[in-house]
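No gaps in the numbering here: position 3 of the sequence shown is 3 in the UniProt record's numbering, and each next residue is one more.
Quick reminder that beta carbons are idealized off the backbone N, C-alpha and C, glycines included.
All values reported here derive from a predicted model rather than from experimental measurement.
To start, the structure itself, in structure tokens.
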Amino acid sequence: MAKIIQTLGIASCLGGPMRTCGYAAEMLREAYNLKPVLQNGLQLQWHILYPKKEGSKEARLAHLYQRASEFTRFWVENGRTFLVIGGDHSCAMGTWAGVMQGLPASSELGLIWLDAHMDAHTFATTPSGNIHGMPVAALLGKGDERLNAVYPADCFIHPEKFLLAGVRSYEPAENALLKTANVKVIFAEQVTDFAKTLQAAVMQLSETCSVIGISLDLDFIDPEDAPGVETPVVGGIRADALLAALAAVKHHPKLCGLEISEFNPESDQQGKTLRLMRTIVETFYADT
1 MAKIIQTLGI ASCLGGPMRT CGYAAEMLRE AYNLKPVLQN GLQLQWHILY PKKEGSKEAR
61 LAHLYQRASE FTRFWVENGR TFLVIGGDHS CAMGTWAGVM QGLPASSELG LIWLDAHMDA
121 HTFATTPSGN IHGMPVAALL GKGDERLNAV YPADCFIHPE KFLLAGVRSY EPAENALLKT
181 ANVKVIFAEQ VTDFAKTLQA AVMQLSETCS VIGISLDLDF IDPEDAPGVE TPVVGGIRAD
241 ALLAALAAVK HHPKLCGLEI SEFNPESDQQ GKTLRLMRTI VETFYADT
């Protein structure tokens, strides 16, 4: 009997500098359509959202992430494990806002953010103007008025329940925001055994959080293993180390879902990153 995973594709790259990362969900769905039930018994039940064609970029993102939050809110309320495929990493605003909205008032979300970047800018500090560099600030409740207008909820993650790992590229303003908020950041050069790092993070968050999520920007992985990303940075965690870490934590009862973002097919090499994305999904969700 197939294990069905509710899967939300957010087919948008409005928050980033390129257009092609919006194709990630459709490309992964097509890969699964060729073999809908895998040997390990997984089956993805797809729901794909597209941005509106009219309106300002920020208004379109606000509408899209409101819709995305409705999916994850429903799944959390009904105890369903989920998978989200972006899109650029600003999709996390919708994903995890919905999770928080779906939790009882006394419950809290713990979030592990795997990324080469801090993603903690606001419109006041961003050098690029791209919203995919701002979701952490929004989720922590540190956004400015313009960013808050895109964020689809009035609930936020407590800084002590938010952990960033794999960071190796950032601006001083982001680092200052996270230091002031007292967010734990594990830089890539500090990681010697990522399985132990991830296990420790899950165990730490499980002490005070009702559910735990993992948000993975594929640029967390070294570009040698994942070349098909929006903003590659050398010196990342190797793919086999990430897969081993996910396998080590996946059975923890408080894990509610995984989000994967920033796949760029234009810079992929012979489908290497797309295949890795599928392997990540199967490693995390398969029962074996």
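Within-7 Å CB hit, residue i to chain B
i: N78; result: In the displayed structure, chain B is absent; only one protein chain is listed.
According to DSSP, residues forming a beta bridge with residue i
i: L44; result: I5
i: F82; result: Q6 and G257
i: L61; result: Note: L61 sits in no beta bridge, so no partner.
i: W113; result: L164 and S215
i: V229; result: F263
i: S169; result: H117
i: I157; result: According to DSSP, I157 bridges with nothing at all.
Limits of the unbroken alpha helix (DSSP H) element including residue i
i: G98; result: A92 to G102
i: S206; result: F194 to S206
i: N148; result: E145 to N148
i: P17; result: Run containing P17: none; DSSP gives neither H nor E here.
i: V249; result: A239 to V249
i: K272; result: K272 to Y285
i: E174; result: P172 to A181
i: L139; result: P135 to L139
Contact belief for residue i with residue j at Cβ below 8 Å, rounded distance in angstroms
i: G166; j: I237; result: 6 Å
i: D219; j: V233; result: 6 Å
Residue environment, residue i, which counts as buried when at least 16 other CB atoms sit within 10 Å
i: T95; result: buried
i: F263; result: buried
i: R67; result: buried
i: A105; result: exposed
i: M203; result: exposed
i: A124; result: exposed
Residue nearest to residue i in terms of C-alpha spacing, selected from the options
i: K254; options: C209, D115, C21 and G15; result: C209
i: H158; options: H89, Y151, M203 and A137; result: A137
i: S261; options: S90, T7, S56 and L61; result: S90
i: residue 294; options: L198, G228 and D225; result: The question about residue 294 has no answer here: the residues shown for the chain are numbered 1 through 288.
i: A120; options: A173, L216, G87 and D222; result: A173
i: R275; options: G228, G257 and L258; result: G228
i: E224; options: Y50, S267, I112 and C256; result: S267
i: T279; options: H252, Q269 and A247; result: A247
Range covered by the beta strand (DSSP E) that runs through residue i
i: F263; result: Note, F263: premise wrong, no beta strand (DSSP E); not H, not E.
i: V185; result: K184 to F187
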